[in-house]
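Trainee: Take the sequence shown: its position 174, counted from the start at 1, is 174 in the UniProt record's numbering, and no numbers get skipped.
Beta carbons are placed, not taken as given, at the ideal position from N, Cα and C, and that holds for glycine.
These figures come from a predicted structure and were not determined experimentally.
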Amino acid sequence: MPSVEIFTLLPALMLFSFAASITPGPNNILLTYSGSQFGIKKTMPHLIGIRAGMTAIHIVMLMGLGHLVLANPQLHLTFKFLASGYIIYLAYKIAFKHAKNSLQPQQAKPLSFMQAALFQLINPKTMATLLSLTTALTLPGDFYWHSAILGVLVFNIVALGSGLSWTYFGKVISKKLQSQARMQKFNYLMASLLLACLPLIHLN
């Protein structure tokens, strides 16, 4: 039977999961952009891909990879530089996407399930969040896997809600972007926010 420590861990898991998943970061900025361009339904593969990718990494970390990353800062630094390159590429694509095309989303495609899942492998915010979940928010000894599985479930439920919120926010914003000039400004803003993640990534 799970110990009382499992249940006392739950509030901390919920608070951490909410704080980690609702705050701006590459995933949430991209979900907002996708929601504004393609709507909620077409963004779902992107959203589910994030959840699948993070869950797979979470489980692998629980099996020991988390301690390997902590013990090898150079590996974490490599992830950061790979992510930086990809974020710059995405920001460029968003900023220089013609506003006329942005108003005609059928000419473009949102991130696919696989693209979103694979991005988590180099997303430093993903790595930092999951390292915290696997080290600071698990119990030692016989109850390790009880607490670990609870962490996976709680984080997925909370983060799914957060991701949907950002996607819906993008959809709401799209109603205000019915001119090429406004859409172009929005594209520049989203690209700028993505680039603003870079110093935060390297300061983390």
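Along the chain, where does the alpha helix (DSSP H) that runs through Ser132 open and close?
Mentor: Taken as a continuous stretch (DSSP letters only), the alpha helix (DSSP H) holding Ser132 covers Pro124 to Thr135.
Trainee: Please report the straight-line C-alpha distance between Leu131 and Met61, rounded to a whole angstrom.
Mentor: Approximately 7 Å between the Cα atoms of the pair.
Trainee: Could you say which of Phe79, Ile149 and Ile173 lies nearest to Pro124 if we only look at CA atoms?
Mentor: Nearest option by C-alpha distance: Phe79.
Trainee: If you check the beta carbons only, do Leu15 and Leu111 fall under 8 Å apart?
Mentor: Not in contact: Leu15 and Leu111 (Cβ atoms no closer than 8 Å).
Trainee: Using only alpha-carbon positions, find the residue among Ala148, Pro199, Ile88 and Ser36 that is nearest to Phe169.
Mentor: Ranking the options by Cα distance to Phe169, first place goes to Ser36.
Trainee: Have a look at Asp142 and Met127 and give me their C-alpha separation to the nearest angstrom.
Mentor: For Asp142 and Met127, the distance between alpha carbons rounds to 25 Å.
Trainee: For Gly64, which of Ala12, Thr138, Ser179 and Gly163 has the nearest alpha-carbon?
Mentor: Among Ala12, Thr138, Ser179 and Gly163, the Cα nearest to that of Gly64 belongs to Thr138.
Trainee: State buried or exposed for Ser179, treating a residue as buried only when at least 16 other CB atoms are found within 10 Å of its CB.
Mentor: By the 10 Å Cβ count, Ser179 comes out exposed.
Trainee: Please name the residue in Leu82, Met54, Ala196 and Asn187 whose C-alpha comes closest to that of Lys93.
Mentor: The shortest Cα separation from Lys93 among Leu82, Met54, Ala196 and Asn187 belongs to Asn187.
Trainee: With distances taken between CB atoms, is the gap from Ser17 to Phe119 smaller than 8 Å?
Mentor: Not a contact, by the Cβ cut-off of 8 Å.
Trainee: How many Å lie between Ile6 and Ile22 at the Cα?
Mentor: Roughly 24 Å between the two C-alpha positions.
Trainee: Does DSSP put Thr167 in a helix, in a strand, or in coil?
Mentor: In this structure, Thr167 counts as helix in the three-state DSSP scheme.
Trainee: Check whether the Cβ atoms of Gly25 and Cys197 lie closer than 8 Å to each other.
Mentor: Contact flag set, yes.
Trainee: Exposed or buried, what is Met190 when buried is set at 16 or more other beta-carbons lying within 10 Å of its beta-carbon?
Mentor: Result: buried.
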